[in-house]
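Chains as they are written, first to last, in my numbering: chain A, 101 to 200; chain B, 103 to 249. Glycine included, C-beta positions come from ideal geometry on N, C-alpha and C.
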């Protein structure tokens, strides 16, 4: 198939669902449960590694949330583009040869 | 990393690692929930969005879903490491506390750096000339009792 099919409302719904997942991921903070580890076992390699890992996991959650936010934005943008293009074509067709 | 001392090891709270592990378990569960939400939403687009843009979006979403899966796995790996660490460090602490208590019970003093000082021995055991004085002192005590 060379053309395309699209239900723009479905794209908007998809964007909304991804927005929800983005908010969930963005609110995750792996650093909080790990915050006590360095102080609980001071002087160990575990303490140092836990501090580093907490930062890495938090950054990874934020990065994934940002990536998904882009996907949601793209889906919403596509829905808008499809809709406005369809509107322009429709208007063009109805005015071809002069307004009725 | 600071230098470990007997005092610092005894002050460890390995159970905090278990608590942290439980917290990470919740984080992994939340990541899975978000992943399922995205995956389900993507599935719902099948049949209502087709074409080159839809194909590109599908590939992108698949990669993001895989990333979410890998992130949840990484968090669970950290959770498991913390649980293992809680057990291992807790065992090491328990062993050390037992050794220190045993030594203290026998009169030894264990220093913060792990050095062990034996209990003081009677002078009679450390210098031969003290033996005569010890014997004289004993005799004086016996006579005091007899008088």
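For the alpha helix (DSSP H) containing residue 242(B), list its first residue and its last residue. The residue you call residue 242(B) lines up with position 140 of the second chain. Residues 230-248.
Residue 112(A) at chain B interface by Cβ criterion, 7 Å:
To locate residue 112(A), count along the first chain from 1; it is residue 12. It does not; no Cβ of chain B falls within 7 Å.
Neighbour list for residue 106(B) in chain A, Cβ cutoff strictly below 7 Å
What you label residue 106(B) is simply residue 4 of the second chain in a count that begins at 1. The answer, in chain order, is 143.
| Proximal residues of chain B, C-beta to C-beta of residue 194(A) below 8 Å | Here residue 194(A) refers to the residue found at position 94 when the first chain is read from its first residue. Simply none; closest approach about 25 Å.
Grouping DSSP H, G and I as helix and E and B as strand, with all else coil, what is residue 107(A)?
-> Indexing the first chain from 1 puts residue 107(A) at position 7. Residue state, collapsed to three classes: coil.
**Study point:** Where residue 101(A) falls: helix, strand or coil (DSSP)
**Key:** What you label residue 101(A) is simply residue 1 of the first chain in a count that begins at 1. Low local confidence applies: a pLDDT of 44 at residue 101(A) is under 50, so the model's placement there is unreliable, and no value is given.
Take residue 193(B) as the anchor and find which of 161(B), 112(B), 153(B) and 236(B) has the nearest alpha-carbon. On the second chain, position 91 is the one that residue 193(B) refers to. The shortest Cα separation from residue 193(B) among 161(B), 112(B), 153(B) and 236(B) belongs to 112(B).
Pair within 7 Å by beta-carbon distance, residue 121(A) and residue 168(A) | Counting from 1 along the first chain, the entry for residue 121(A) is found at position 21. Counting from 1 along the first chain, the entry for residue 168(A) is found at position 68. Contact flag set, yes.
Legend entry - Contacts that residue 120(A) makes with chain B (C-beta to C-beta distance below 7 Å): Position 20 of the first chain, counted from the start, is the residue given in the question as residue 120(A). The contacting residues are 139.
Task: Proximity winner among 165(A), 175(A) and 157(A), relative to residue 178(B) (alpha-carbon distances) - done: Taking the first residue of the second chain as 1, we reach residue 178(B) at position 76. Closest by alpha carbon: 157(A).
- prompt: From this set, 223(B), 217(B), 122(B) and 168(B), which residue's C-alpha is nearest residue 138(B)'s C-alpha?
  reply: Sequence index remark: in the second chain, residue 138(B) carries index 36 (1-based). Checked all of 223(B), 217(B), 122(B) and 168(B); the closest Cα to residue 138(B) is 168(B).
task = Would you mind telling me which residues of chain A sit closer than 7 Å to residue 162(B), beta carbon to beta carbon, in chain order?
result = Here residue 162(B) refers to the residue found at position 60 of the second chain. Going along chain A in sequence order, the residues near residue 162(B) (Cβ under 7 Å) are 171.
Q) residue 137(A) touches chain B at which residues, Cβ-Cβ below 8 Å? A) Translated into positions along the first chain, residue 137(A) becomes position 37. Neighbours of residue 137(A) on chain B, chain order: 118, 119, 122 and 184.
- request: Using a Cβ-Cβ cut-off of 7 Å, state whether residue 125(B) counts as contacting chain A.
  value: As a working note, residue 125(B) is residue 23 in the second chain. Yes, residue 125(B) counts as interfacial toward chain A.
field: Neighbourhood of residue 253(B) by C-beta distance below 8 Å, restricted to the same chain and skipping five residues each side
entry: The displayed coordinates of chain B run from 103 to 249. Any statement about residue 253(B) would go beyond what the structure contains.
task = Give the residues of chain B in contact with residue 107(A), contact being defined as C-beta atoms less than 8 Å apart.
result = To locate residue 107(A), count along the first chain from 1; it is residue 7. Going along chain B in sequence order, the residues near residue 107(A) (Cβ under 8 Å) are 150 and 151.
| request: Report the option in 166(A), 181(A), 160(A) and 178(A) whose CA atom is closest to the CA atom of residue 172(B). | output: Sequence index remark: in the second chain, residue 172(B) carries index 70 (1-based). That would be 160(A), whose Cα lies nearest to the Cα of residue 172(B).
Open item on the list: Between which residues of its own chain and residue 115(A) is the CB-CB distance below 6 Å, once the five residues before and five after are set aside?
Closed with: Walking along the first chain from the start, residue 115(A) turns up at place 15. Taken in chain order, the residues that qualify are 172, 175 and 176.
Discussion item. Assuming contact is defined by CB atoms lying nearer than 7 Å, are residue 132(B) and residue 128(A) in contact in what I supplied?
Written reply: Position 30 of the second chain, counted from the first residue, corresponds to residue 132(B). Position 28 of the first chain, counted from the first residue, corresponds to residue 128(A). It is a contact, given that the beta carbons lie within the stated cut-off.
Notebook entry, point to check: When the Cα atoms are used, what is the spatial distance from residue 125(A) to residue 175(B)?
Noted result: Mapped onto the first chain, residue 125(A) falls at position 25. Mapped onto the second chain, residue 175(B) falls at position 73. If I take the Cα positions, the gap works out to 15 Å.
Let me see if you follow: with CB-CB separation under 7 Å, is residue 146(A) close to chain B or not? For this step, residue 146(A) is matched to residue 46 along the first chain. Chain B, which has a Cβ nearer than 7 Å to the Cβ of residue 146(A), makes this yes.
> Taking the C-alpha atoms as reference points, what is the distance between residue 248(B) and residue 234(B)?
Replying inline: On the second chain, residue 248(B) is found 146 positions in, with the first residue counted as 1. On the second chain, residue 234(B) is found 132 positions in, with the first residue counted as 1. So the two alpha carbons sit approximately 21 Å from each other.
Q.
Tell me the DSSP secondary structure of residue 107(B) in three-state form.
A. Numbered from 1 along the second chain, position 5 holds the residue referred to as residue 107(B). Looking at residue 107(B) - three-state DSSP - the assignment turns out to be coil, as it is neither helix nor strand.
Taking 7 Å as the threshold (C-beta atoms), are residue 140(B) and residue 202(A) in contact?
With chain A covering only 101 through 200, there is no way to say anything about residue 202(A).
Helix or strand or just coil, what does DSSP make of residue 197(B)?
On the second chain, residue 197(B) is found 95 positions in, with the first residue counted as 1. In the structure shown, residue 197(B) sits in a helix (DSSP, three-state: H, G or I).
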